[in-house]
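**Student:**
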Amino acid sequence: MRHCLALIAFVLGVRAAAQAPPCPGAITVTHDEIETSGAATLADVLRLLPPLRRTSVDGFAWRFDDGLGVPGDAAVPVVLVDGVPADLWAFGAPDLEELPLPLPSIARITYCPAPAPVAGLWASRGTLRFETHAPEPGLSTRGAWQIGNETGDPGPYRYTERETPNVDKSGPDVEGAAQYEAGPVGGVARFRALRAYATDEAINPRTGAATRRGSRSQRLITAEVRGAVGRTTRHALGIGGRYVSGLPFFEAAGRELPLRRLDAHLGLGGPLVGPLRYRLGTHVQRADDEDDEIVGFEPRWRRRTVSAALYGGPSEADGWGYGASLARTDASGAGFDAGFTLATAYGRLAHTGRALGTRTALALTATGDALGAKAVQTLTATHGAAHLALTLALDRRLPEEAPGFGSWRAEGRTGFERDPVDYRPSSPTPQTEAQARLDGRLGLDVAVLQGGVRAWAARGLFIERPAFGLADDASTAVGTVTAVPDAEGGGLGAWAEASGARGPWRGSVFYSLLAPLGGSDAFEAAWARVPRHRAGATVTLRPSPSFTLHGRFEARSVARWPGYAAGAGAVGPTGVVYTDETPALTLLDLAVEQGLWDRRARVSLLFRNLLDTEERYHPLGGTLAFRLYARVTVDLQGPLWVGARSRSSD
Amino acid sequence: MRVSLALLLLGPLAAVAQPRHLETLEGALSGVAPAGEAYDGLWTMGPGGALRVGTEFFGGRAHFALHAFPNEPTTADPAELPEFLALRGTVGWGPRLGLPLGLGLTAGGTVGAVHMRFDDEDLAGNALVNETELAAGLFARLDVPVAGPVHLFAEAEVAHVYTAVPIRYRFVQGGVSVSLPAPPWLRRLLR
Numbered sequence: 001m002r003h004c005l006a007l008i009a010f011v012l013g014v015r016a017a018a019q020a021p022p023c024p025g026a027i028t029v030t031h032d033e034i035e036t037s038g039a040a041t042l043a044d045v046l047r048l049l050p051p052l053r054r055t056s057v058d059g060f061a062w063r064f065d066d067g068l069g070v071p072g073d074a075a076v077p078v079v080l081v082d083g084v085p086a087d088l089w090a091f092g093a094p095d096l097e098e099l100p101l102p103l104p105s106i107a108r109i110t111y112c113p114a115p116a117p118v119a120g121l122w123a124s125r126g127t128l129r130f131e132t133h134a135p136e137p138g139l140s141t142r143g144a145w146q147i148g149n150e151t152g153d154p155g156p157y158r159y160t161e162r163e164t165p166n167v168d169k170s171g172p173d174v175e176g177a178a179q180y181e182a183g184p185v186g187g188v189a190r191f192r193a194l195r196a197y198a199t200d201e202a203i204n205p206r207t208g209a210a211t212r213r214g215s216r217s218q219r220l221i222t223a224e225v226r227g228a229v230g231r232t233t234r235h236a237l238g239i240g241g242r243y244v245s246g247l248p249f250f251e252a253a254g255r256e257l258p259l260r261r262l263d264a265h266l267g268l269g270g271p272l273v274g275p276l277r278y279r280l281g282t283h284v285q286r287a288d289d290e291d292d293e294i295v296g297f298e299p300r301w302r303r304r305t306v307s308a309a310l311y312g313g314p315s316e317a318d319g320w321g322y323g324a325s326l327a328r329t330d331a332s333g334a335g336f337d338a339g340f341t342l343a344t345a346y347g348r349l350a351h352t353g354r355a356l357g358t359r360t361a362l363a364l365t366a367t368g369d370a371l372g373a374k375a376v377q378t379l380t381a382t383h384g385a386a387h388l389a390l391t392l393a394l395d396r397r398l399p400e401e402a403p404g405f406g407s408w409r410a411e412g413r414t415g416f417e418r419d420p421v422d423y424r425p426s427s428p429t430p431q432t433e434a435q436a437r438l439d440g441r442l443g444l445d446v447a448v449l450q451g452g453v454r455a456w457a458a459r460g461l462f463i464e465r466p467a468f469g470l471a472d473d474a475s476t477a478v479g480t481v482t483a484v485p486d487a488e489g490g491g492l493g494a495w496a497e498a499s500g501a502r503g504p505w506r507g508s509v510f511y512s513l514l515a516p517l518g519g520s521d522a523f524e525a526a527w528a529r530v531p532r533h534r535a536g537a538t539v540t541l542r543p544s545p546s547f548t549l550h551g552r553f554e555a556r557s558v559a560r561w562p563g564y565a566a567g568a569g570a571v572g573p574t575g576v577v578y579t580d581e582t583p584a585l586t587l588l589d590l591a592v593e594q595g596l597w598d599r600r601a602r603v604s605l606l607f608r609n610l611l612d613t614e615e616r617y618h619p620l621g622g623t624l625a626f627r628l629y630a631r632v633t634v635d636l637q638g639p640l641w642v643g644a645r646s647r648s649s650d
Numbered sequence: 651m652r653v654s655l656a657l658l659l660l661g662p663l664a665a666v667a668q669p670r671h672l673e674t675l676e677g678a679l680s681g682v683a684p685a686g687e688a689y690d691g692l693w694t695m696g697p698g699g700a701l702r703v704g705t706e707f708f709g710g711r712a713h714f715a716l717h718a719f720p721n722e723p724t725t726a727d728p729a730e731l732p733e734f735l736a737l738r739g740t741v742g743w744g745p746r747l748g749l750p751l752g753l754g755l756t757a758g759g760t761v762g763a764v765h766m767r768f769d770d771e772d773l774a775g776n777a778l779v780n781e782t783e784l785a786a787g788l789f790a791r792l793d794v795p796v797a798g799p800v801h802l803f804a805e806a807e808v809a810h811v812y813t814a815v816p817i818r819y820r821f822v823q824g825g826v827s828v829s830l831p832a833p834p835w836l837r838r839l840l841r
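Chains A and B are the protein sequences, given in the same order. Position one of the first sequence corresponds to residue 1 (our numbering), numbered consecutively onward. Position one of the second sequence corresponds to residue 651 (our numbering), numbered consecutively onward.
1) Rounding to the nearest angstrom, what Cα-Cα distance links A389 of chain A and A355 of chain A in this structure?
2) Does the beta carbon of G155 of chain A come closer than 8 Å to any beta carbon on chain B?
3) Out of curiosity, what's the CA-to-CA distance linking G296 of chain A and A90 of chain A?
4) Would you give the residue range spanned by the alpha helix (DSSP H) that A786 of chain B belongs to?
5) Once DSSP output is grouped into helix, strand and coil, what is the label at N609 of chain A?
6) If we cut at 8 Å on Cβ distances, does E783 of chain B have a partner in chain A?
7) Consider the Cβ of L840 of chain B: report whether some Cβ of chain A lies at a distance smaller than 8 Å.
8) Got a sec, what are the start and stop residues for the alpha helix (DSSP H) H31 of chain A sits in?
9) Measure the alpha-carbon distance for P729 of chain A versus A196 of chain A and round it to whole angstroms.
10) Which chain A residues sit within Cβ distance under 9 Å of T813 of chain B?
11) What residue range does the beta strand (DSSP E) around E136 of chain A cover?
12) Just the C-alpha distance for S325 of chain A and L220 of chain A, rounded to the nearest angstrom, thanks.
13) In chain order, what residues of the same chain have a beta carbon less than 6 Å from the beta carbon of S546 of chain A, not counting five sequence neighbours either side?
14) Where are the beta strand (DSSP E) runs, 3 residues long or more, that stay fully inside the stretch 493-565 of chain A, in chain order?
15) Along the chain, where does the alpha helix (DSSP H) that runs through L840 of chain B open and close?
16) From the DSSP output, which residues share a beta bridge with F336 of chain A?
17) Any beta carbon from chain A within less than 8 Å of Y689 of chain B's own beta carbon?
18) Can you tell me whether S140 of chain A is buried or exposed, with buried defined as 16 or more other CB within 10 angstroms of its CB?
19) Please name the residues in the stretch 615-635 of chain A whose beta-carbon is closer than 7 Å to at least one beta-carbon of chain B, in chain order.
20) For F60 of chain A, which residues does DSSP report across the bridge?
21) Pick from B:L731, B:G787 and B:G699: whose alpha carbon is nearest that of A718 of chain B?
22) Please decide whether F714 of chain B counts as near chain A, where near means a Cβ-Cβ distance under 8 Å.
23) Under the rule that 16 or more other beta-carbon atoms within 10 Å means buried, what is S124 of chain A, buried or exposed?
24) Using the beta-carbon of each residue, which ones in chain A are nearer than 9 Å to F708 of chain B?
25) Beta-carbon of F719 of chain B versus every beta-carbon of chain A: anything under 8 Å?
26) From A:V244, A:T367, A:G269 and A:G469, pick the residue whose C-alpha is nearest to that of T341 of chain A; which is it?
27) Got a sec, what are the start and stop residues for the alpha helix (DSSP H) A43 of chain A sits in?
28) According to the neighbour-count rule (16 or more other Cβ atoms, all chains shown, within 10 Å of its Cβ), is P205 of chain A buried or exposed?
29) Note the first and the last residue of the continuous beta strand (DSSP E) segment covering A700 of chain B.
30) Name the chain B residues that come within less than 9 Å of W597 of chain A, Cβ to Cβ?
31) Who are the near neighbours of L442 of chain A in its chain, counting only those whose CB is closer than 6 Å to its CB and skipping five residues on each side?
32) Looking at chain B, is there any beta carbon in it that lies within less than 8 Å of the beta carbon of Q655 of chain A?
33) Buried or exposed for G563 of chain A, going by 16 or more other Cβ atoms inside 10 Å?
34) Among A:A555, A:A494 and A:D168, which has the Cα closest to the Cα of R534 of chain A?
35) DSSP beta-bridge partners for L220 of chain A?
36) List the endpoints of the continuous beta strand (DSSP E) containing G693 of chain B.
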């Protein structure tokens, strides 16, 4: 492999300078790239990572996955913030926006696609690593304020026979971080407060009948305070929480449900002896109904997780590493009480030479009398600025490692299903998955090429399979959701990106493919929902350090939703026609940014879906039209709050 | 959509052409008259006033403008159709073409929002009584030097408001502007 790489590098004129990637197949997004991309939310940042896909029903809450396993699977990349795993679990649909991480405070995001052990855990779907700016002495503050509006407001016609429903509004959103650093002591407080009025005509009839609230606004407030003590390696204590008042769509109910959720978490971590580190944490989650209008709706939910981990090793790239963790999860609700203890233990061995490297990791997981096992072998080759990583992975995953709604439902948890939907539960079984992937990166004189190919096959897949029609008012699903615990199938994924810079211009083109390679009926039906192709291009023009124009085009292919076929063609009370597919997308976005006061502040106008095409990700979901965000970002740091531009070198 | 695409094409043009930048600060006051009608005969636009502040920016002139104008219902029954005040805030940019006799022609695009302020609480009950919507437009402005930094100008503008039933405004305006050297703090601020 090394000689092949050397030959490719010679032919293409590979740049000599090289920096080893932080993990095999790593994709990195810098602070500067996030800024210029016109990202308004954390979910927007996912657009910069071609292998990851994101979907939404209402345009407010986004979920994401890496295209392996089952679409909508609860297994997603483990999210780490400065090395600390974040618990984003919310009924199997993690939402990145719940991270208390303001966009301006992010220095770098790295997506490591290969399965690997991390911080005492096993990351079956790789890791998504957020790094904040390194602390600098004194006080630094960063924050942003933004407001967004979708076009299509009624305007003065509200008073006439041409009255139309109101349209989505986003914000005002506020996020901020204040960090203080003095010698061996440091601390940071971070928060985000987001709000949206999702009033799309496809969603409105369901949400209007679900809650007593006149305004169907959704709110998310998330905050965290962290303190650290130590001169070289530090002990860190973090405490935080989040409040979500929302109308999330549950496929098990076939509709949005009015929920109020409170999460609180406490974590402590740091060095023990030598390279050995510890991590202790607890997370409490409560969900209740909020002003609901639904008869017999009793969604009360309590979940408590207590975890402890020990792990160590000189580095991910070299030497021995080891780790173990124990996590106890208890959940309760109306007439329901269940829990499990999950133990994880792993060892890894890595060697990185001048040109070749290997990484081997083995892990065991256990809960009750069930045992899971994992093995990963990665070979890496480096020549100049060219890197290639071949990964082979086997994973026998226990359902408790990534429990979705269906897992708890099988334990007796009810409360989310509604009478019109007959949910037929099954107990999930251990899933066996084999994966092979080849990821690479090539730095040329004028451009960087990166991409990857992966193939996988799995048995014991847990799939919730809907068969929906639409109710009398043609807005709410009726039918069945059948949990299938033993589906099998396989898939292929590939992606490639070429990016380059010349003078004030920067640009990139990308493509990603996700395709099933066959499987059981339930698997085929679930994968019909996945758009096969996604492609796009970006152009950034920065004629001066203070002014940036960024354009982005993205196209995505059509997808079928077989479970919604019976409702196709139904006309809702607002006149919307529901379909059993999500349309092909052609999205054009534009971001204009003017820096102020040496870029201590920035004012941005973010145009989304400038072509006003039908941007929709779910058969019953809202359509996101041409919309505009206005955003103000502030970045003040250092003892005298020196200019942001001078040190924002990444 | 045509307006938004035109704005998209203007963006790179704005950024690459660049002889002068942030050298003067121009303030302008104008009277604005509607041209044609915009609401399918339901309201009539009245004359309004506008305030504009601009400067050289990447080879052209950028400005921020505020424009207010009343809108009277064509029906006599206010319970059917209330009057409203429209407040339009825009930012715009366009290259300036020098003409003989010191004349200058500036043409370009604008983007902003229109806020429709109704005063009809009895009508709307608990509903929101005001609306704000995105607007984008194109303009052409001819300015004539009068004395030193003082200019007279005439401008024509068309603006598209992205309401559910789209609104197309057409305005003509005339006024006076004064250009002064941009203060150093402004240059520092926008640097």
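Yeah, the Cβ is synthetic: ideal placement off N, Cα and C, and Gly gets one too.
**Tutor:** This is what the structure gives:
1) Translated into positions along the first sequence, residue 389 of chain A becomes position 389. Translated into positions along the first sequence, residue 355 of chain A becomes position 355. One C-alpha to the other measures close to 12 Å.
2) Position 155 of the first sequence, counted from the first residue, corresponds to residue 155 of chain A. So yes, G155 of chain A belongs to the interface.
3) If you number the first sequence from 1, residue 296 of chain A lands on position 296. If you number the first sequence from 1, residue 90 of chain A lands on position 90. Rounded to the nearest angstrom, the two C-alpha atoms are 22 Å apart.
4) As a first step, residue 786 of chain B is located in the second sequence; it is residue number 136 there, counting from the start. First-last for A786 of chain B: N780 to A797, but that is the beta strand (DSSP E), not the alpha helix (DSSP H).
5) Taking the first sequence and counting its residues from 1, the one referred to as residue 609 of chain A is at position 609. N609 of chain A: coil per DSSP, three-state reduction.
6) By 1-based counting over the second sequence, the position of residue 783 of chain B is 133. It does: the Cβ of E783 of chain B has a partner Cβ on chain A nearer than 8 Å.
7) Against the second sequence, residue 840 of chain B aligns to sequence position 190. Taking Cβ atoms only, chain A reaches closer than 8 Å to L840 of chain B, which makes this a yes.
8) As a working note, residue 31 of chain A is residue 31 in the first sequence. Residues H31 to T36.
9) Missing from the structure shown is residue 729 of chain A; chain A here goes from 1 to 650 and no further.
10) The residue labelled residue 813 of chain B in the question sits at position 163 within the second sequence. In chain order: T151, G152, D153, P154, G155, P156, Y157 and T164.
11) The residue given as residue 136 of chain A occupies position 136 in the first sequence. It is not in any beta strand (DSSP E) - E136 of chain A carries neither H nor E in the DSSP assignment.
12) As a first step, residue 325 of chain A is located in the first sequence; it is residue number 325 there, counting from the start. As a first step, residue 220 of chain A is located in the first sequence; it is residue number 220 there, counting from the start. Roughly 30 Å separates the two Cα atoms.
13) What you label residue 546 of chain A is simply residue 546 of the first sequence in a count that begins at 1. Result list for S546 of chain A: G595, in chain order.
14) 505-519, 533-544 and 547-556
15) What you label residue 840 of chain B is simply residue 190 of the second sequence in a count that begins at 1. From DSSP, the alpha helix (DSSP H) with L840 of chain B extends over P834 to L840.
16) Residue mapping note: residue 336 of chain A aligns to position 336 of the first sequence, counting from 1. Answer by DSSP bridge pairing, in chain order: A:G333.
17) Counting from one through the second sequence, the residue named residue 689 of chain B turns up at place 39. Yes, Y689 of chain B lies at the interface with chain A (some Cβ there is under 8 Å from its Cβ).
18) Taking the first sequence and counting its residues from 1, the one referred to as residue 140 of chain A is at position 140. Buried: at least 16 other Cβ atoms inside 10 Å.
19) F626 and L628
20) Residue numbering aside, residue 60 of chain A sits at position 60 when the first sequence is read from its first letter. In DSSP, F60 of chain A forms no bridge with anything.
21) Along the second sequence, one-based indexing puts residue 718 of chain B at 68. Per the Cα distances, B:G699.
22) Position 64 of the second sequence holds residue 714 of chain B. False, the Cβ-Cβ gap to chain A never drops below 8 Å.
23) Taking the first sequence and counting its residues from 1, the one referred to as residue 124 of chain A is at position 124. Flag for S124 of chain A reads buried.
24) Taking the first residue of the second sequence as 1, we reach residue 708 of chain B at position 58. Going along chain A in sequence order, the residues near F708 of chain B (Cβ under 9 Å) are P543, S544 and F547.
25) The count along the second sequence starts at 1 and reaches residue 719 of chain B at position 69. Answer no: the Cβ-Cβ gap between F719 of chain B and chain A never drops below 8 Å.
26) As a first step, residue 341 of chain A is located in the first sequence; it is residue number 341 there, counting from the start. Checking every option, the nearest Cα to that of T341 of chain A belongs to A:T367.
27) Mapped onto the first sequence, residue 43 of chain A falls at position 43. Its alpha helix (DSSP H) spans residues L42 to V45.
28) Sequence index remark: in the first sequence, residue 205 of chain A carries index 205 (1-based). With 16 or more other Cβ atoms within 10 Å, it is buried.
29) Translated into the one-based positions of the second sequence, residue 700 of chain B becomes position 50. Counting along the chain, the beta strand (DSSP E) containing A700 of chain B begins and ends at G698 to F707.
30) Your numbering for residue 597 of chain A matches position 597 in the first sequence. Result: R838, L839, L840 and R841.
31) For this step, residue 442 of chain A is matched to residue 442 along the first sequence. Contacts found: A386 and L449.
32) With chain A running from 1 to 650 in the structure shown, residue 655 of chain A is simply not present.
33) The count along the first sequence starts at 1 and reaches residue 563 of chain A at position 563. The residue in question, G563 of chain A, is buried, as its Cβ has 16 or more Cβ neighbours within 10 Å.
34) Taking the first sequence and counting its residues from 1, one reaches residue 534 of chain A at position 534. Per the Cα distances, A:A555.
35) Numbered from 1 along the first sequence, position 220 holds the residue referred to as residue 220 of chain A. According to DSSP, which records beta bridges pairwise, L220 of chain A is partnered with A:L194 and A:V244.
36) As a position in the second sequence, residue 693 of chain B is number 43, starting the count at 1. Residue identity differs from the one stated: residue 693 of chain B is Trp in this sequence, not Gly. Unbroken beta strand (DSSP E) run through W693 of chain B: W693 to M695.
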